[in-house]
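Counting the sequence shown from 1 gives a position; the numbering used here is that position plus 4.
Cβ coordinates follow ideal geometry from the N, Cα and C atoms, glycine included.
All remarks here apply to the structure that follows.
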Amino acid sequence: SLKVRAGEILGIAGVDGNGQQELEEMIVGNRRVREGEIFINGIPVQNMAVKDRKAMGLGYIPSDRHKNAMISSFSITENFLLGYQETPEYCRKGFIDYERLRQDAEKQVEAFEIKVAGVDQEIGQLSGGNQQKVILGREISHDPGLVVVAQPVRGLDIGAIERVHKTLLQLKEQGKAILLISAELSEVMNLSDRIAVFYEGEVSAQFDNGEYTKEEIGLFMAGKKQEVRAHEMEQQ
């Protein structure tokens with residue numbers, strides 16, 4: 005059981021392949037939930053489509069941006085529409101308001117200092133860092149209450165990493181609830197208020213950041229249970 009509160013970052017740590025991908029997909033609606041429930045603001049969403057969850061205030065930065073967040077041959081403007089093509093701000097009587105869409109895309113390109121020739125440029129021509137900034141700008145422009153961010157800086161350069169991390173901290177300060185899934189333990193420790201560790205599809209530990217050292221978290225990632233470590237500390 006996990007709970008992400010407004011104004012905090014809950015970090016999911018663990019070696020890749022221990023259930024993080026499945027967690028990501030179930031929360032956003034790309035994987036069927038066999039057991040249990042998922043709530044957004046107290047409303048069960050496990051049977052809702054992705055677009056309906058987004059309409060409820062879900063922002064999503066997927067671990068595989070090329071597969072789940074962008075179409076390389078589409079322009080930046082067209083990619084800015086993905087996932088929001090049925091929202092009232094862009095779709096009016098069955099037609100897309102490309103002027104409004106273009107204005108919003110240009111606004112985010114400027115805000116994130118994305119290096120492009122223009123918003124008509126194909127997103128596949130951009131660097132990985134600039135692609136990620138386009139996706140991040142798109143998702144936060146819709147003022148989400150909950151943001152699921154998975155492997156957000158994988159393959160990015162230092163400058164892009166710093167900008168992504170700065171944006172996540174700003175979102176937290178704005179009162180957003182952020183679920184950060186990352187295989188980089190240092191990233192989880194540097195950004196999170198609370199941390200949950202995944203091992204073989206289960207939560208081996210869940211605690212406030214700073215409660216355990218990096219080495220102890222490494223033990224949880226290897227399968228040691230939190231209650232076992234707590235007992236060991238009592239005996240010392």
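Which of helix, strand or coil does DSSP assign to residue i?
i	result
R104	helix
E50	Note on residue identity: the sequence assigns Gln, not Glu, to residue 50. Residue state, collapsed to three classes: coil.
Q89	coil
V120	coil
E126	strand
A154	strand
F78	coil
R142	helix
I165	helix
R57	helix
R38	coil
Would you call the CB atoms of residue i and residue j closer than 8 Å?
i	j	result
V192	L184	yes
M60	I47	yes
P12	R198	Note that residue 12 is Glu in the sequence shown here, rather than Pro. It is a contact, given that the beta carbons lie within the stated cut-off.
D124	T81	yes
I42	Q50	yes
L223	L195	no
L6	A200	yes
R57	A181	no
E93	R104	yes
I118	K137	yes
For the beta strand (DSSP E) holding residue i, just list the boundary residues, first then last.
i	result
G33	Segment: none, G33 is in no beta strand (DSSP E) and carries neither H nor E.
I185	181-185
I65	62-65
E206	206-212
If you follow the alpha helix (DSSP H) that residue i is part of, which residue opens it and which one closes it?
i	result
G149	Counting along the chain, G149 falls outside any alpha helix (DSSP H), and DSSP gives it neither H nor E.
F202	Counting along the chain, F202 falls outside any alpha helix (DSSP H), though it belongs to the beta strand (DSSP E) covering 198-203.
S190	189-195
I221	218-225
A17	Not the alpha helix (DSSP H): A17 falls in the beta strand (DSSP E), residues 12-17.
R233	230-239
K7	Neither: K7 is in no alpha helix (DSSP H) and is coded neither H nor E.
K71	69-72
Throw me the rounded Cβ distance for the residue i and residue j pair, which I believe falls under 8 Å.
i	j	result
I144	L175	7 Å
S186	G15	7 Å
G128	G159	Going by Cβ atoms, the distance from G128 to G159 rounds to 15 Å, so no, they are not a contact pair.
F84	R142	5 Å
L237	G18	Note that residue 237 is Met in the sequence shown here, rather than Leu. No, M237 and G18 are not in contact; Cβ-Cβ is about 22 Å, not under 8 Å.
N134	V120	7 Å
L189	I165	Not confirmed; about 15 Å, so no contact.
Q230	F211	7 Å
Would you check if the region 35-45 and the region 205-219 touch, i.e. whether three or more CB-CB distances between them fall below 8 Å? no
Between the region 66-73 and the region 144-160, do three or more beta carbon pairs fall short of 8 Å? With the cut-off at 8 Å, the region 66-73 and the region 144-160 touch.
Counting beta carbon pairs with one atom in the region 109-128 and one in the region 88-95, are three or more of them shorter than 8 Å? no
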